[in-house]
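To keep things clear, I will list the structure first and then write my remarks on it.
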Amino acid sequence: MSLPEAFTERLEKIVPHEQFDAILKTFDAPKQVTFRVNTLKSTAPELEAELQLAQIPYERVGWDFGRLEGIYRISPEDKLRLTQTDAFYDGRLYIQNLSSMIAPLLLAPKPEETVLDLAAAPGGKTLMLAGMMENTGWLSAVELQRERFFRLCDNLKHQGVTNAHTYMTDGRSVGKKCPEMFDRILLDAPCSSEARFKTHEPKSMSYWSVHKVKETSKLQRRLLLSAFDALKPGGKLLYSTCSFSPEENESPLQHLLERHGERLKTVPLTLPFDNVQKPLQRWGKEVYDERIQNAVRILPTDTIDGFFICLLEKR
Ligand code: SAM
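Set out below in structure tokens:
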């Protein structure tokens, strides 16, 4: 099945012209599989010993990113065998795309902090936040959808997370209920998931429409305002989506800056790879605040999914 025509037309206007064809191809091919050690249950050397014993050829993802270790890639053909290992069953490793790992790494929570994950299920990023907090402090994980909420709870338990408090509630209400309570907030917002489209999986694209993108944008704006309200002065807020549409990325940030711009700054980001693009300066009738230029649009490759990230700090 081919990509929705309206989607490709819009994408061509968003990504760099010379990379458009290569980017389109990434929707066809199966991606390399990436995973990381769950530091709450194991260490990189222990996991590597298990992988060697299971005879699964792996490659270390050598990111120069603090003291990070324990991130690996394998070819798609080995994925089934990886999911049959004890390490997978017992939660000593977690399969996750590299761009998803970047969000918690940039938010960089510390042990003993108060952290909120405002749209958390199935919980891949919550698990990573808990690992970085070494299961200390207070980690609130919010999810609205019932089924996804229970999947989140199972995931956290299975992976040995003990510092998380889970709430099945609407993230839009959290800012008013918990004003200025959190040191760090992750809003990995519900989105139209454009970066997860796969031409060999028609279901991945079946719900998409420009109308849906615009509706999602309204929800994202309200979640972002709620996250701002819940953030302590001096605290950090990371906004991310797995969509390309400016309505879901630059626009909600613009909306936030128009309301609370005097209390916010954006933080310049350095990523450990170069398939990135600066945010757009304008889209349609909208002209975006200069500060949004510090955000990053990750462009998809055969390993990395497309993603958008902005890190904000409250004055
Ligand atoms: N961060 C997650 C991870 O890495 O596993 C993925 C989060 S996903 C992009 C967004 C989540 O937000 C979905 O599970 C969706 O059900 C949830 N959601 C949608 N609307 C919400 C709302 N109003 N409040 C809280 N969560 C919401």
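Residue 1295 is where the sequence shown starts when you use the working numbering, and the numbers rise one by one after that.
Idealized CB from N, CA, C, for every residue including glycine.
For A1524, count the other beta carbons within 10 Å of its own beta carbon; 16 or more makes it buried, fewer makes it exposed. Which is it? Buried is the label assigned to A1524, since at least 16 other Cβ atoms lie within 10 Å of its Cβ.
Report the start-end ranges of each alpha helix (DSSP H) in the stretch 1516-1588 that is 4 residues or longer and not cut off at the edges. 1544-1554
For G1311, does the three-state DSSP call read helix, strand or coil? It is worth fixing the name first, because residue 1311 is His in this sequence and not Gly. Helix at H1311.
Please report the residue range of the beta strand (DSSP E) in which D1482 lies. 1476-1482
Are the Cβ atoms of H1459 and L1481 separated by less than 8 Å? no
What is the C-beta distance between R1445 and A1415, in whole angstroms, given that I count them as a contact (C-beta under 8 Å)? 6 Å
Verify the contact flag: G1417, CB atom, against every heavy atom of ligand 1, threshold strictly below 7 Å. yes
Please report the straight-line C-alpha distance between C1604 and K1307, rounded to a whole angstrom. 21 Å
DSSP state of Y1501, grouped into three classes? In the structure shown, the three-state DSSP call for Y1501 is coil.
CA-to-CA distance, S1537 to Y1388, given in whole angstroms: 23 Å
Closer than 7 Å to a non-hydrogen atom of ligand 1 - does that hold for the CB of G1394? First, the residue type needs correcting, since residue 1394 is Ser and not Gly in the sequence shown. The answer is yes for S1394.
Residues of its chain near M1499, where Cβ-Cβ distance is below 7 Å and the 5 sequence neighbours each way are ignored: L1297, P1298, F1491
Which of helix, strand or coil does DSSP assign to S1434? strand
Beta strand (DSSP E) segment containing M1278, residue limits: With the chain covering only 1295 through 1609, there is no way to say anything about residue 1278.
Buried or exposed by the 16-neighbour rule on C-beta atoms within 10 Å, applied to M1295: exposed
Every unbroken alpha helix (DSSP H) within the stretch 1313-1392, with a cutoff of 4 residues, ordered by chain: The alpha helix (DSSP H) runs of length 4 or more contained entirely in the stretch 1313-1392 are, from start to end of the chain, 1314-1319, 1338-1347, 1373-1376, 1380-1383.
Rounded C-beta distance between P1546 and N1588? I'm assuming under 8 Å. About 15 Å separates the Cβ atoms of P1546 and N1588, ruling out a contact at the 8 Å cut-off.
Count the CB pairs spanning the stretch 1347-1361 and the stretch 1318-1325 that are closer than 8 Å, and state whether there are at least three. No contact exists between the stretch 1347-1361 and the stretch 1318-1325.
Sequence-distant residues of the same chain with beta carbon closer than 7 Å to H1554, five excluded per side: F1522
Hey, how far is the Cα of E1428 from the Cα of E1495? Spanning the two alpha carbons is a distance of roughly 37 Å.
Buried or exposed, going by whether 16 or more other CB atoms sit within 10 Å of the CB of P1540? buried
Contacts around E1344, its chain only, beta-carbon distance under 6 Å, and the 5 residues preceding and following it disregarded: Leaving aside the five residues that flank E1344 on each side, the residues in its chain whose CB is nearer than 6 Å to its CB run, in chain order, A1381.
Please return the same chain residues whose Cβ sits closer than 7 Å to the Cβ of P1566, not counting the five positions on each side in sequence. W1357, D1358, F1359
Please indicate yes or no: does the CB of C1447 lie closer than 7 Å to some heavy atom of ligand 1? The closest heavy atom of ligand 1 lies 7 Å or more from the beta carbon of C1447.
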